[in-house]
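Encoded as structure tokens, the structure appears first; notes follow it.
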Amino acid sequence: MNRKQIKLGRIMMKEGRFIEAAEMFESAGDRESAMDAWAKGRRFDRAAELAIVLGRGDTAAGYYLRGGMYLELAEFYKTRKDYTQAGKYFTHSGHHESAAEMYEQLLKAFPQLKDIPGQKIHRSDEEIKVTRYTASAHAKAGNHSRAAELYHRIEAFSECAENLIQIKDYRNAGEAYEIAGLLAQAGHAYSEGGLHADAAR
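Per this note's numbering, residue 370 is the first one in the sequence shown, and the count goes up by one each step.
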């Protein structure tokens, strides 16, 4: 480490010249001080990069969050296989397809239960919550078929029907609305699909 440059960097810090100080610290090989200076200069991207190099993941995540860098934060959590946080921040950054992929990873942890007609499946609150997040992400990404399937799985029939309408599956949408007790919406869905007898009923 270059002590002269480090001393200069500290003087710059006192004068509030954080970016210049950060560059000086980096050139002197003092990454810890450089990271702090970048953060003080509100260059949270550079501060986070150095935090990762220094093996301080939580600090890096904090810098990304302070900088409102949700996509970078999502990618950071994805590399660490923290799919809950990755999904959350992909959603915040408007990357719904990627969010859906992360939540699908979480869904794999739950046992695949077979649907037996007339028999109610008991799913845990956690599985219902994750399924809802996954369905919502798929719906926002335009994957309405998958969203409908997931909403149906957790008996969210109104949301299921809304997604079926998007893919013009009016018969199943009408049936889902009926199960949800939304008869006016069911009638409208049947009518849209030209199923006039069902609509009249």
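Every residue, glycine too, gets a C-beta built ideally from N, C-alpha and C.
Could you name the residues of the same chain whose beta carbon sits closer than 8 Å to that of Ala525, not counting the 5 residues immediately before and after it, in chain order?
Arg501, Ala504
Look up His464 in the DSSP assignment and say whether it is helix, strand or coil.
Correct three-state label for His464: coil.
DSSP state of Arg412 mapped onto helix, strand, coil
coil
Between Ala455 and Ala443, how many whole angstroms is the CB-CB distance? I'm expecting something under 8 Å.
Going by Cβ atoms, the distance from Ala455 to Ala443 rounds to 5 Å, so yes, they are a contact pair.
So, Tyr432 versus Phe445, is the Cβ gap smaller than 7 Å?
With a cutoff of 7 Å on beta-carbon distance, Tyr432 and Phe445 are scored as not near each other.
Determine the DSSP secondary structure at Asp399, reduced to helix, strand or coil.
DSSP places Asp399 in coil when its eight states are reduced to three.
Rounded to whole angstroms, what's the CA-CA distance from Phe387 to Ala549? Just pull it up for me.
When rounded, the distance between both Cα atoms is 59 Å.
DSSP state of Leu423, grouped into three classes?
coil
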